[in-house]
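J.: Sequence order for the protein chains is V and Y. For the record, in the first sequence the residue sitting at position 91 is 1123 according to the working numbering, with numbers rising by one throughout. For the record, in the second sequence the residue sitting at position 191 is 668 according to the working numbering, with numbers rising by one throughout. No residue lacks a Cβ here, since even glycine has one placed at the ideal position from N, Cα and C. It should be emphasised that the depicted structure is a prediction, and the values quoted were computed from it without experimental measurement. Below is a structure I'd like to ask you about.
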Amino acid sequence: MPSVKFIEHNGTEHVVEGNNGDSLMVIATSNLVPGIDADCGGECSCATCHVLVDSEWLSKLGAISETEESMLDLNPDREPSSRLSCQIDMSDDLAGIVINLPEFQY
Amino acid sequence: MTQMVIIGGGQAAGQAVASLRQEGFEGKIVLIGEESTLPYQRPPLSKAYLSGAVPAEKLLVRPEKFYEDRDVEVHLGTTVTAIDSDQKTVTTADGTFDFDKLLIATGSTPRKLTIPGSDLKGIHYLRTMADVDAIRAQMADSKRLCIVGGGYIGLEVASVAVSAGLSVDVLEMEARILQRVTTPFMSAFYHQLHESRGVKIHTETGCSGFRGTDQSVTHVQCGDAEIEADLVIVGIGIMPNIQLALDAGIACDNGITVDDHCQTSHPDIYAAGDCTNHPNPILGRRLRLESVPNAMDQARTSAANMLGGDKTYAAVPWFWSDQYELKLQMLGFSADADAAVLRGDPETLQFAQFYLFDGKIVAVDAVNSPKEFMVAKQLFGHSVAAHDLANPEVDLKSLLPSV
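Below, the structure is given as structure tokens:
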């Protein structure tokens, strides 16, 4: 199974395995990685699964949808590398991806 | 060893298990669910799960392996028959479980019709995965669906069914659909939307009975009129599951009464989700909500406090509904408002109706407008100039308080 490295805002690292096809949000919550609330369960409705994707991996991700872009746009912690983790599905191409977690979800 | 028992099989129960472990609890967790499925998300049941777009395993709040890996003792298909709040035990057909702290996350049950013919085959309620499995199995061979009740569940089902090629009638007792939950403006918008997609909506029309042949429904009766239907889905509201708590002497009043720590009238018993009547310190009144964010937040609050924490639950309620290609995101209660401001054009199926009280944002209904929803979330309770909200030329970002 491909692995994902989540790095909490305080620097704590979590290297966890996920199934291809599962979203990074599901992989995080299934492994009790703190810092991702995912209040809507992955429907791109709440923006509480905000993550910052390591710059080396950004180009490997698919395009950001209009809805996701709008949800992120007003986030005070928005960075060029911001994504909603419920909208990124795991694949072999993403094996080893590094994800930084923001201090807060809004 | 300290033992936590959780009763329930929905989002609150699943989140509570996860939160207890996340908070570092290493003792025993016993999860007792009446349904045969691990805790799962209900919102997709009337949407993507009904349409077949999402499989059952994707609905699980946490995957099966999670419960094994985290050493959670799971009893599914198990009905709790009694809570003994003095002895601190929970009784099931499987046996009796001691608890140090108990979480009641029993959710709610659809309100049932008790009118002539209501036990005919082909009449369904929609609350559980099993309900939807039965509906889907029948939907494949059905031609005419009649939905009793023009609430969000009914309208979500209508959108899936009419898109799948069924003829769909919706019966609504009140003068407008969604009357209990939204404004006349939003009711009119959704009424028009559904009719434009081919759904027939009958307002001020109560269902008085059902007629059938060979034990299966063929007609829905509305007084003197009849509507042909080989599939009926009733969505006329839910009732909180409070009987176990009541029998255990726990205070209930339109839900299990909890404080802002999700604690019931018994200090070692907590409750979370649809079944609770809880104070909302932001709105300054008690609420009973049918909402996933509420279930998740109350589960986290309960877990922290069951472990001796001091966590308060205070959040502005929000909801969402998917119908056709429209995502509706709602925050707060439009009934609290004294003014409404429209941004965007409903004709384009992309607009937001902001609601103000005394010039402050108290609610929003955002249709395909996630940005407007997020603005309302951040500006809740803040004064905003109505003409700025209404003007699409004004960048919403400029309305946010500078960080």
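Starting from the C-beta of Ala749 (chain Y), find all residues in its chain whose C-beta is less than 7 Å away, skip the five residues before and the five after it, and write them out in chain order.
T.: The residues are Ala489, Ala493, Leu580, Ala582, Cys739, Ala772, Gln775, Ala776, Ser779.
J.: Quick one: Cα of Gly599 (chain Y) to Cα of Ser693 (chain Y), how far?
T.: Going by the C-alpha atoms only, they are around 6 Å apart.
J.: Below 8 Å on the Cβ atoms is my guess for Thr682 (chain Y) versus Gly689 (chain Y); work out the distance and round it to an integer in Å.
T.: About 20 Å separates the two Cβ atoms, so there is no contact after all.
J.: Residues in the region 802-832 of chain Y with C-beta within 9 Å of chain A's C-beta atoms, listed in sequence order?
T.: In summary, chain A is missing from the structure at hand, where the protein chains are V and Y.
J.: Counting only Cβ-Cβ distances shorter than 7 Å, please list the residues of the region 1098-1115 of chain V near chain Y, keeping chain order.
T.: Those residues of the region 1098-1115 of chain V that come within reach of chain Y (Cβ to Cβ, closer than 7 Å) are Thr1099, Ser1102, Met1103, Asp1105, Leu1106, Pro1108.
J.: Quick check on the burial criterion: 16 or more other C-beta atoms within 10 angstroms. Buried or exposed for Asn1052 (chain V)?
T.: Result: exposed.
J.: Are the region 709-724 of chain Y and the region 616-632 of chain Y touching, with three or more C-beta to C-beta distances below 8 Å?
T.: Result yes; three or more Cβ-Cβ pairs closer than 8 Å.
J.: Using 8 Å as the limit for Cβ to Cβ distance, is Pro1034 (chain V) near chain Y?
T.: Chain Y contact via Cβ: absent.
J.: Could you please tell me which residues of the region 481-503 of chain Y, in chain order, have their CB closer than 8 Å to any CB of chain V?
T.: Answer in chain order: Gln488, Ala495, Arg498, Gln499.
J.: Name the two residues that bound the continuous beta strand (DSSP E) containing Lys881 (chain Y).
T.: The displayed coordinates of chain Y run from 478 to 880. Any statement about residue 881 (chain Y) would go beyond what the structure contains.
J.: Count the CB pairs spanning the region 725-737 of chain Y and the region 632-645 of chain Y that are closer than 8 Å, and state whether there are at least three.
T.: No, because fewer than three Cβ pairs between the region 725-737 of chain Y and the region 632-645 of chain Y fall closer than 8 Å, the two stretches do not touch.
J.: Comparing the C-beta of Val549 (chain Y) with each C-beta of chain V, is any distance below 8 Å?
T.: Not an interface residue.
J.: Considering Cα atoms alone, identify which of Y:Phe828, Y:Arg653, Y:Glu503, Y:Ser860 is closest to Lys848 (chain Y).
T.: Nearest option by C-alpha distance: Y:Phe828.
J.: Please name the residue in V:Gln1137, V:Pro1066, V:Tyr1138, V:Gln1119 whose C-alpha comes closest to that of Asp1054 (chain V).
T.: For the residues V:Gln1137, V:Pro1066, V:Tyr1138, V:Gln1119, the minimum Cα distance to Asp1054 (chain V) belongs to V:Gln1119.
J.: Below 8 Å between beta carbons: does that hold for Leu1116 (chain V) and Glu1135 (chain V)?
T.: Result no, Cβ atoms of Leu1116 (chain V) and Glu1135 (chain V) do not sit closer than 8 Å.
J.: Taking only three categories from DSSP, how would you classify Gln492 (chain Y)?
T.: Gln492 (chain Y): helix per DSSP, three-state reduction.
J.: Taking Cβ-Cβ distances shorter than 7 Å, what residues in chain Y pair up with Ala1079 (chain V)?
T.: Ordered by position in chain Y, the residues that pass the 7 Å Cβ test against Ala1079 (chain V) are Met851.
J.: Per the DSSP calculation, Arg653 (chain Y) is bridged to which residue(s)?
T.: DSSP, once it has assigned bridges, lists no residue as partnering Arg653 (chain Y).
J.: For chain Y, is any of its Cβ atoms less than 8 Å away from the one on Glu1045 (chain V)?
T.: With 8 Å as the cut-off, Glu1045 (chain V) does not count as an interface residue toward chain Y.
J.: Taking all protein chains shown into account, decide if Tyr864 (chain Y) is buried (16 or more other Cβ within 10 angstroms of its Cβ) or exposed.
T.: It should be pointed out that residue 864 (chain Y) corresponds to His in this sequence rather than to Tyr. By the 10 Å Cβ count, His864 (chain Y) comes out exposed.
J.: In chain Y, what lies closer than 7 Å to Leu1133 (chain V) by C-beta?
T.: Chain Y residues near Leu1133 (chain V): none, gap ~14 Å exceeds 7 Å.
J.: For a minimum of 3 consecutive residues, which ranges assigned as the beta strand (DSSP E) are wholly contained in the region 568-638 of chain Y?
T.: Entirely contained in the region 568-638 of chain Y, the beta strand (DSSP E) runs reaching 3 residues are, in chain order, 572-575, 578-581, 585-587, 600-602, 621-625.
J.: Excluding sequence positions up to five away, which residues of its chain have a Cβ less than 7 Å from the Cβ of Ser619 (chain Y)?
T.: Hits under 7 Å: Leu643, Asp707, Leu708.
J.: Between Arg653 (chain Y) and Ser1062 (chain V), what straight-line distance do the alpha-carbon atoms span, to the nearest angstrom?
T.: Straight-line Cα distance between these residues: approximately 42 Å.
J.: Confirm, please, whether the CB-CB distance from Asn731 (chain Y) to Arg762 (chain Y) is below 8 Å.
T.: For Arg762 (chain Y) and Asn731 (chain Y), no; Cβs fall outside 8 Å.
J.: Could you give the distance in angstroms between the alpha-carbon of Ser770 (chain Y) and the alpha-carbon of Cys1078 (chain V)?
T.: The amino acid at residue 770 (chain Y) is misidentified as Ser; the sequence shows Pro. Answer to the nearest angstrom: the Cα atoms are 9 Å apart.
J.: So, with DSSP's three-state summary, where would you put Tyr1138 (chain V)?
T.: Correct three-state label for Tyr1138 (chain V): coil.
J.: Going by the beta-carbon positions, is the gap between Leu537 (chain Y) and Leu515 (chain Y) smaller than 8 Å?
T.: It is a contact, given that the beta carbons lie within the stated cut-off.
J.: Select from the region 850-873 of chain Y all residues with a C-beta closer than 9 Å to any C-beta belonging to chain V, and list them in chain order.
T.: Residues Phe850, Met851, Val852, Lys854, Gln855, Leu873.
J.: Please check if any C-beta of chain V sits within less than 8 Å of the C-beta of Gln518 (chain Y).
T.: Taking Cβ atoms only, chain V reaches closer than 8 Å to Gln518 (chain Y), which makes this a yes.
J.: Starting from Glu672 (chain Y), follow the alpha helix (DSSP H) in both directions and report where the run begins and ends.
T.: Residues 661-673.
J.: Could you say if the region 832-843 of chain Y and the region 809-816 of chain Y meet the contact criterion of at least three C-beta pairs nearer than 8 Å?
T.: At 8 Å Cβ cutoff, the stretches touch.
J.: Quick one: grab the DSSP three-state call for Phe857 (chain Y).
T.: Note: Phe857 (chain Y) maps to coil in three-state DSSP.
J.: List the residues of chain V whose Cβ lies closer than 8 Å to the Cβ of Arg539 (chain Y), in chain order.
T.: Result: Thr1061, Ser1062.
J.: Looking at the structure shown, is Met807 (chain Y) part of a helix, part of a strand, or coil, going by DSSP?
T.: Reduced to three states, the DSSP call for Met807 (chain Y) is strand.
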